[in-house]
Every structure is written in structure tokens, then in C-alpha cells.
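Engineer: In my numbering, each number is its position in the sequence shown, counted from 1, plus 35.
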Amino acid sequence: MSETHHNYVGGAWSPAAGGAVFEDRNPGDERDLIGIFPDSDDDDVAAAVAAVSSAWPAWAAGSPEARAEVLFKAADIMARRADEIAAELTREEGKTITEARNEARRIAANFRLYAGEALRLNGESYATEANQFVFSLRQPVGVVAVITPWNFPLSMAARKIAPAIAAGNGVVFKPSEVTPLMGQRLVEVLLEAGLPANLIALVHGRGATVGQAITRHRGIDALTFTGSFAVGREIARSVSTDTRVQLEMGGKNATVVLDDADLDKAAAIIQRGAFGLTGQACTGTSRVLVARPLYDALLDRLTAAAGKFKVGPGGEEGVQMGPVATRAQYDKILSYVDIARDEGARVAVGGEALRDTRDARFHHGYFLTPAVIADVPAESRLLREEIFGPVVALRAFDGLDEALAIADETEYGLAVSLVTNHLPSVIRFARETRHGVVKVNSPTTGVSLNAPFGGFKHSSNQAAKEQGGATVMDFYTRIKTIYLGA
Ligand code: NAD
């Protein structure tokens with residue numbers, strides 16, 4: 036059953052000022068209309084910024100306990116509603132129900148983490164003469180704009196909204212137009228937990244309309260974005276110099292298999308990192324760099340494993356890989372399989388468009404089979420460009436120097452993983468690689484919610500790390516230095 040949904044601005048649910056709308060459909064069955072959402076514009080953004088601007092100073096002036104309490108309550112509500120919201124996430128984004136539950140259940144922990152940060156925010160005092168105090172005070176930045184992608188529609192948004200409100204800011208939130216319902220659910224949970232009505236505004240719509248309107252609005256004090264490098268770069272170019280900007284962007288992540296690796300273990304790690312979440316994770320494994328003596332044996336294992344992967348609707352029992360999230364993603368991923376062939380690589384397995392096959396279950400969704408690409412020329416686009424789908428390209432290397440050089444040769448630097456028990460190689464690799472996340476004997480995907488997260492090069496603008504760690508609140512606060520004399 037489909038429903039007409041609204042923005043949440045100024046404490047009320049309402050349509051876009053201009054009346055425009057867009058449709059939200061199930062990527063596993065495009066006949067399934069999930070809902071109609073407002074396609075907002077400059078006027079909606081102006082109203083949202085005005086409402087949030089008027090509300091955050093009172094929130095910031097209140098007690099940190101009160102801010103923490105809202106986030107603790109939101110965690111309880113999220114924990115209670117996690118399975119129900121996970122089912123909607125599978126319907127809206129396509130990921131398997133297990134993946135959706137993992138994401139939804141984690142939001143409660145995320146809210147609790149930032150409830151703690153509300154209580155832990157502090158400044159420092161500095162050595163000075165006896166007749167004065169010099170100290171620093173952390174204050175909120177004001178109106179924080181949150182622009183998020185569709186692949187983790189709950190967790191990407193929660194890890195921005197929760198620290199923003201913990202620090203006393205107000206939030207203008209634009210979820211991806213591919214997953215607007217998940218954006219709405221998060222806002223509902225926060226409101227039910229007692230977040231003041233004007234402290235958050237939800238403005239739905241496309242990047243080219245409402246996304247740009249937010250970026251251009253001079254009332255935004257900080258903008259935190261997760262998405263593609265192309266859009267991140269555009270935001271960086273058009274945002275006001277007075278607006279603080281955090282950009283978390285794409286990756287071209289590699290798993291590096293050294294010559295001592297256990298091949299079954301390596302294959303299992305790669306399969307999980309490359310095909311889990313239908314390959315649509317910013318940390319997804321897209322390249323496999325393997326010591327030359329192991330190349331053929333690893334290729335055989337990966338090909339066999341990918342050939343057996345169970346693809347189907349995310350809600351179905353036993354399905355390991357759901358559909359990709361949009362028609363554009365589907366076409367783009369398949370185009371990279373064609374590029375592989377054109378460039379002289381060999382598609383060892385997969386890369387088939389299931390929509391065009393005889394199986395009627397797949398006719399109305401964006402299902403494809405996971406692909407393993409072998410004999411990839413060193414200059415191939417498959418080894419450089421972010422595909423963001425279940426396609427993995429193999430390349431052999433000779434020695435650790437070459438492994439390091441190839442791992443770092445792309446413009447991205449998000450996650451890299453190593454499969455080896457050779458500690459000296461691990462230590463050297465971890466120190467020298469230009470990736471923000473280095474994992475050993477585990478997939479490139481899957482990160483701790485309380486550890487710093489972010490990439491190097493085109494993967495992140497390095498404004499401050501996201502998630503946990505000492506610096507996470509730096510983005511959401513400004514430091515004022517006070518000289519207190521008698
Ligand atoms: P996207 O860049 O197309 O869109 C992200 C968000 O930006 C959406 O809400 C979109 O509507 C908005 N947007 C689009 N154009 C805009 C514009 N001109 N101005 C302002 N906003 C605009 O990305 P996507 O397809 O939603 O997500 C996939 C991308 O996200 C991949 O590149 C992936 O690697 C990246 N990602 C990165 C991380 C990370 O933490 N580094 C995590 C998840 C996803």
C-alpha cells in the first residue's frame with residue numbers, strides 16, 4: 036500500500052511548497068510503489084533553516100542531561116522498532132533482511148554512544164597568572180545540514196544527526212531520494228523520544244533541487260555529506276566559505292592476498308566484502324590483489340563461490356544478495372561488465388542481468404549475478420573507478436613493494452584489507468598505505484561504530500573523522516577561549 040508522505044518543517048508535516056513530488060519504489064519489484072514524497076525546493080529549505088535557527092539556541096542552553104536523555108529514549112524506541120523498520124528497509128533499498136536488521140539494530144547503539152558524548156563534551160583550562168583563568172569552551176556550531184546516501188540510509192544519517200544534536204545543534208536533514216522512508220522513520224523516532232519540534236527539519240527531494248538549495252543556503256553553519264566524490268566536489272565548490280563542510284565519499288577498496296595466505300580464508304573474506312550488501316558499500320571490496328603464485332587457485336575458489344551465490348528478493352529466506360538499489364545502479368554496474376570485456380579482461384563468472392532471463396521472479400527488479408573479472412589489464416577502468424556493485428577485479432602482484440604501489444594507485448583511499456599472517460608485512464603495509472581504514476584478516480567492509488572512520492584522498496575531505504574516537508565531536512562544536520579576570 037502506498038502513502039503520500041510529507042516534509043517535517045517548523046514542527047509540522049506538510050507537502051513541498053511548490054507541490055512537486057517523486058515516487059519511491061521497491062528495487063526488487065518496481066511495480067510496488069512504497070510512497071509519494073515531496074520534491075522540495077529553495078522555499079522549503081528556507082523555511083527549514085528559519086525554523087531550526089530559531090530553535091537550537093534554547094536546546095543548546097539546556098542541560099546536557101536533557102540532550103542525552105532524548106538520545107537514550109530514541110535508542111530504546113529504535114531497539115523496539117528495529118525489526119519493523121528493517122522490513123521496510125529491505126523493501127525500500129533491497130538489501131537482505133539480515134543486512135537490514137543488522138543496520139536497524141545498530142542505530143540504538145549509535146544513539147547511546149552519542150548520548151554519552153553529550154555528557155562528555157568538555158573544554159580545557161590553561162596555565163596562566165594567578166589572578167585569572169584561561170579556558171576553552173565547546174559550543175554548538177548552530178544549524179547543521181545532513182545530506183546522506185541510500186546505501187546505509189539509517190546508519191549514515193544517525194551517525195551525523197545524533198552527534199549534532201548531542202552537541203546542542205539543530206539539524207536540517209535531506210535523506211537520499213532513493214530511501215526517503217528511512218529518513219522519515221529516523222525523524223519519527225527522534226520526535227517520539229522528545230526532540231523539540233523545531234530542532235529538526237526533514238526536507239525530501241532530489242540532489243539537483245533540494246540538495247543544491249541546502250548547499251547554497253547561507254544560513255547553514257555546517258554541512259555534513261556522505262555520498263559520491265562527484266557530488267562531494269560539487270558541494271565543496273558551491274558552499275559558502277562560512278560553512279564548515281565534512282565530505283565522506285567513495286572508495287576503490289582492495290583486499291591484498293599475500294603469498295602465505297590461506298586460500299579458503301581469503302576467498303571467504305573477499306566474497307563477504309565484495310558481494311555482501313550487493314556490493315553497495317563504500318568500503319566494499321572492488322579489487323583483489325593477489326600474490327602471483329596464488330592467482331589461479333584463488334580465482335578458481337572465487338569463481339566457484341560467486342557461481343553459487345543465491346540472488347533474490349531481500350526478504351526471502353536463504354537469499355544472500357538482494358537487488359541493486361536503482362535502475363541507474365543496475366545499468367551502471369552492467370556497463371562495467373561490458374567495459375571489462377571491451378578492455379580485454381575475462382568475465383570468469385556472473386555479471387548477468389537477471390531481468391532479461393526466463394525466471395519471472397526477476398523481471399521487475401534490479402537483480403544481477405555477482406561477477407568475478409580476471410586477466411584485467413593494469414590500465415583498466417575496473418581497477419580505478421568506483422563501480423559500487425558486486426563486481427570484483429583480480430590482479431596479480433610480485434612482492435610487497437608492488438602490492439603497496441598498486442593498492443595505492445587509485446584516487447581513492449578508504450579501506451584496504453590484507454590476508455596474511457606475516458606480521459612484518461602487515462606492519463609495513465599498515466604504516467605506508469594511504470587508506471583511512473586498514474583491516475587484517477577481515478573484509479574491507481564492517482567497521483566498529485566507536486572507532487574513527489574516514490578515508491584519504493578522494494574518499495574524504497578530512498574535516499574530522501566520523502563515528503567514534505576523540506575527534507568526532509570537533510565537527511559539531513566550535514571552541515571559544517575565555518580569559519576570566521577578577
Ligand atoms: P550521491 O552522491 O549521488 O548522493 C548522496 C546524497 O547527495 C543524496 O542525498 C543526493 O540526493 C545528494 N545530492 C546529489 N546531488 C547533489 C547536489 N548537487 N548537491 C547537494 N546534494 C546532492 O551518492 P549515492 O548514490 O546516494 O551513494 C553512493 C555513494 O556514496 C558512493 O560513492 C559511496 O562510496 C558513497 N558512500 C560513502 C560512504 C563513506 O562513509 N565514505 C558511506 C556510504 C556511501
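Glycine included, each C-beta is placed from N, C-alpha and C at the ideal position.
All figures in this text were calculated on a predicted structure; none of them were measured in a lab.
On the three-pair Cβ rule with 8 Å, is the segment 495-515 touching the segment 184-201?
Structural biologist: Verdict: yes, contact present.
Engineer: Exposed or buried, what is Lys300 when buried is set at 16 or more other beta-carbons lying within 10 Å of its beta-carbon?
Structural biologist: Exposed: under 16 other Cβ atoms inside 10 Å.
Engineer: Give the secondary structure of Tyr330 by DSSP, where H, G and I count as helix, E and B as strand, and everything else as coil.
Structural biologist: Helix at Tyr330.
Engineer: Between the segment 304-317 and the segment 405-424, can you find at least three pairs of beta-carbon atoms closer than 8 Å?
Structural biologist: Counting Cβ pairs under 8 Å, three or more are found: they touch.
Engineer: Quick check: is any heavy atom of the ligand NAD less than 7 Å from the C-beta of Phe423?
Structural biologist: Flag set: Cβ of Phe423 near the ligand NAD.
Engineer: DSSP three-state call for Val382: helix, strand or coil?
Structural biologist: Three-state DSSP puts Val382 in a strand.
Engineer: At a cut-off of 7 Å, would you count Val266 as near the ligand NAD, judging by its Cβ distance to the nearest heavy atom?
Structural biologist: Result yes, Cβ under 7 Å from the ligand NAD.
Engineer: Can you confirm whether the segment 349-363 touches the segment 62-69 when touching is taken to mean that 3 or more C-beta pairs between the two stretches lie within less than 8 Å?
Structural biologist: Verdict: yes, contact present.
Engineer: My understanding is that Pro405 touches Phe310, with C-beta atoms under 8 Å, so please give their C-beta distance in whole angstroms.
Structural biologist: With a Cβ gap of about 4 Å, Pro405 and Phe310 count as contacting.
Engineer: Using a Cβ-Cβ cutoff of less than 6 Å, which residues in the same chain neighbour Asp77 once the five nearest sequence positions on both sides are dropped?
Structural biologist: For Asp77, where only same-chain residues beyond five positions count, the Cβ hits under 6 Å are Ala248.
Engineer: Do Leu329 and Leu282 come within 8 Å of each other at the CB atom, strictly closer than that value?
Structural biologist: In this structure, Leu329 does not lie closer than 8 Å to Leu282 by Cβ.
Engineer: Would you call the segment 343-351 in contact with the segment 445-455, where contact means no fewer than 3 C-beta pairs closer than 8 Å?
Structural biologist: Touching, no.
Engineer: In the structure shown, what three-state DSSP assignment does Ala197 receive?
Structural biologist: Here Ala197 sits in helix by DSSP.
Engineer: So does the segment 488-506 actually touch the segment 274-289, counting three or more Cβ pairs closer than 8 Å?
Structural biologist: Judged by Cβ distances under 8 Å, the segment 488-506 makes contact with the segment 274-289, as three or more pairs qualify.
Engineer: Look at the Cβ atom of Phe432, then the Cβ atom of Leu324, and state whether they are nearer than 8 Å.
Structural biologist: Going by C-beta atoms, Phe432 is nearer than 8 Å to Leu324.
Engineer: Does Lys287 pass the burial test, meaning 16 or more other C-beta atoms within 10 Å, or should it be called exposed?
Structural biologist: Buried, since its Cβ has 16 or more Cβ neighbours within 10 Å.
Engineer: If you pair each beta-carbon of the segment 219-238 with each one of the segment 161-168, do three or more pairs fall below 8 Å?
Structural biologist: As far as the Cβ criterion goes, the segment 219-238 does not touch the segment 161-168, which means the pair count is below three.
Engineer: Please return the same chain residues whose Cβ sits closer than 6 Å to the Cβ of Thr392, not counting the five positions on each side in sequence.
Structural biologist: Hits under 6 Å: none found.
Engineer: Ignore the nearest five residues each way along the sequence and tell me which others in Ser88's own chain have a CB closer than 8 Å to its CB.
Structural biologist: These residues qualify, in order along the chain: Gly177, Val178, Gly205, Gly254.
Engineer: For the ligand NAD, I want to know if Ala499 counts as a neighbour, meaning its beta carbon is within less than 7 Å of at least one of the ligand's heavy atoms.
Structural biologist: Because no heavy atom of the ligand NAD lies under 7 Å away, the Cβ of Ala499 does not count as near it: no.
Engineer: Label Thr39 either buried or exposed according to how many other C-beta atoms from any shown protein chain fall within 10 Å of its C-beta, with 16 as the threshold for buried.
Structural biologist: Per the 10 Å Cβ criterion, exposed.
Engineer: Straight-line CA distance for Met217 to Leu156?
Structural biologist: Looking at the two C-alpha atoms, the distance is approximately 29 Å.
Engineer: Sort Ala326, Arg327, Gly308 by Cα distance to Gly319 and report the nearest one.
Structural biologist: Comparing Cα-Cα distances from Gly319 to each of Ala326, Arg327, Gly308, the minimum goes to Gly308.
Engineer: So what does DSSP say about Pro348, is it helix, strand or coil?
Structural biologist: DSSP places Pro348 in coil when its eight states are reduced to three.
Engineer: Since Thr261 sits in a beta bridge, which residues does DSSP pair it with?
Structural biologist: DSSP output for Thr261 lists Glu283 as bridge partner(s).
Engineer: Going by DSSP in three states, Ser483 sits in which element: helix, strand or coil?
Structural biologist: Of the three classes helix, strand and coil, the one that applies to Ser483 here is coil, per DSSP.
Engineer: Within the continuous alpha helix (DSSP H) that includes Ile132, where are the two ends?
Structural biologist: From DSSP, the alpha helix (DSSP H) with Ile132 extends over 132-155.
Engineer: Could you tell me the boundaries of the beta strand (DSSP E) in which Pro73 lies?
Structural biologist: Counting along the chain, the beta strand (DSSP E) containing Pro73 begins and ends at 64-73.
Engineer: According to the neighbour-count rule (16 or more other Cβ atoms, all chains shown, within 10 Å of its Cβ), is Pro459 buried or exposed?
Structural biologist: Exposed is the call here.
Engineer: Tell me the DSSP bridge mates of Ser495?
Structural biologist: Paired residue(s): Glu283.
Engineer: In three-state DSSP terms, what is Phe510?
Structural biologist: Phe510 falls in the coil class under three-state DSSP.
Engineer: Is it true that the CB of Leu172 sits closer than 8 Å to the CB of Gly158?
Structural biologist: Yes, Cβ-Cβ distance for Gly158 and Leu172 is below 8 Å.
Engineer: Of all Cβ atoms in chain D, is any one closer than 8 Å to the Cβ of Ala431?
Structural biologist: Reference to chain D is not applicable here, since this structure consists of a single protein chain.
Engineer: Quick check: is any heavy atom of the ligand NAD less than 7 Å from the C-beta of Pro62?
Structural biologist: It does not: the Cβ of Pro62 is nowhere closer than 7 Å to a heavy atom of the ligand NAD.
Engineer: For Glu128, which beta-bridge partners are listed by DSSP?
Structural biologist: Beta-bridge pairing links Glu128 to no other residue.
Engineer: So Ala296 and Thr455 are supposed to be a Cβ contact under 8 Å. How far apart are they, rounded?
Structural biologist: Right, the Cβ-Cβ distance comes to about 6 Å (below 8 Å), so this counts as a contact.
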